[in-house]
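There are 2 protein chains.
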Amino acid sequence: MTADPSHDTPTAHTIEEVPETECWELLAGEKLGRLAVLAKDGVDIYPVNYVVSNGAVYFRSAPGQKLVDVTASPFVAFEVDGVHERRRWSVVVRGDAERLAFDSEIHASGIALLKSQAPTEKWNYVRISPKTITGRRFTSR
Amino acid sequence: MTADPSHDTPTAHTIEEVPETECWELLAGEKLGRLAVLAKDGVDIYPVNYVVSNGAVYFRSAPGQKLVDVTASPFVAFEVDGVHERRRWSVVVRGDAERLAFDSEIHASGIALLKSQAPTEKWNYVRISPKTITGRRFTSR
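Residue numbers (the UniProt record's numbering), protein chains in the order written: chain A, 1 to 141; chain B, 1 to 141.
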């Protein structure tokens, strides 16, 4: 096989793990993430605005398919990424999503103050309790 | 129940569907998307650089968990979003992901020229053949 310059050449240490405490700092600095859920007909994905509070991720959802999916299949993956000093980072939280039942929880989380991604009426507040949180940082070339 | 100003008030026509042809234009104008897959232990999500070509989405993958997931459970959801004239849009492609087996397919897609998200060696090229493509545009407030 001949060398193909269009392929990446392998480079050492170009992906770096981000420690958990820094993952939370990165999450706290952004507001838009993407939520992957298991829908009846396979995986689906939604952009959502979120807040972090007390080691959990909170978002709002209008009554609709996203909420139905999360209720039927609570295990979700949530990803946020950004660029810092020319290096892209990505943090993924995986865990169970649960609709908040009590006003006290809703108010404590700060989620009620969040500007929502889709500006419709949203009365449902959802918490993702992380089972795992992982972060990676990529060297731009 | 008393009015709570922290809640969104409902507004008419604040989410708009994006026609399919425009979805493709929006996809073609970006390069970073998020891939939702079904892993062995539930949904997972990865940021990926991509190209669109001939009505399909192409990305590269290093040998690793993402590729294992896609091989085991080919139905994926892929999301790209952006902001245009102060309005955020989001396009979601759902369909089967398939590893490209032939150099001719790889070269025709243009994917071999793509700068990858994670700059490691990537020898696997994957095509998502859309079953559905949907786009939404949100009015910022």
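Cβ coordinates follow ideal geometry from the N, Cα and C atoms, glycine included.
Interface annotation, A97 (chain A): not in contact with chain B, CB-CB separation never under 7 Å. When DSSP states are grouped into helix, strand and coil, W24 (chain B) belongs to the helix group.
Around S90 (chain B), the beta-carbon contacts reaching into chain A at under 7 Å are P47. Residue state for T71 (chain B) is assigned as helix, using DSSP reduced to three classes.
The three-state secondary structure of L100 (chain A), taken from DSSP, is coil. Taking C-beta atoms as the reference points, V48 (chain B) and F59 (chain B) count as a pair closer than 7 Å.
Residues of chain B with a Cβ closer than 7 Å to the Cβ of E22 (chain A) do not exist; the shortest Cβ-Cβ separation is about 17 Å. For R34 (chain A), the closest Cβ of chain B is nearer than 7 Å. DSSP, read as helix, strand or coil, puts E79 (chain B) in strand. By DSSP's assignment, N124 (chain A) forms a beta bridge with A:S61. Burial of R137 (chain A) is indicated by the presence of at least 16 other C-beta atoms within 10 angstroms of its C-beta.
Taking a contact as a CB-CB distance under 8 Å, the pair V51 (chain B) and I111 (chain B) counts as one, their CB atoms being some 6 Å apart. At least one CB of chain B lies nearer than 7 Å to the CB of F75 (chain A). Close to L67 (chain B), with beta-carbon spacing below 8 Å, lies no residue of chain A; the smallest spacing is near 15 Å. Rounded to whole angstroms, the separation of the alpha carbons of D69 (chain A) and R88 (chain A) is 30 Å. Under the Cβ distance rule, E105 (chain B) does not count among the residues neighbouring chain A, no pair being separated by less than 7 Å. Taking C-beta atoms as the reference points, A39 (chain A) and P74 (chain A) fail to come closer than 7 Å. Linking L32 (chain A) to D103 (chain B) through their CA atoms gives a straight-line distance of about 37 Å. Residues of chain B with a Cβ closer than 8 Å to the Cβ of E79 (chain A) are, in chain order, R34, I45, Y46 and P47. Proximity of L26 (chain A) to chain B, defined by a Cβ-Cβ separation below 7 Å, is not satisfied.
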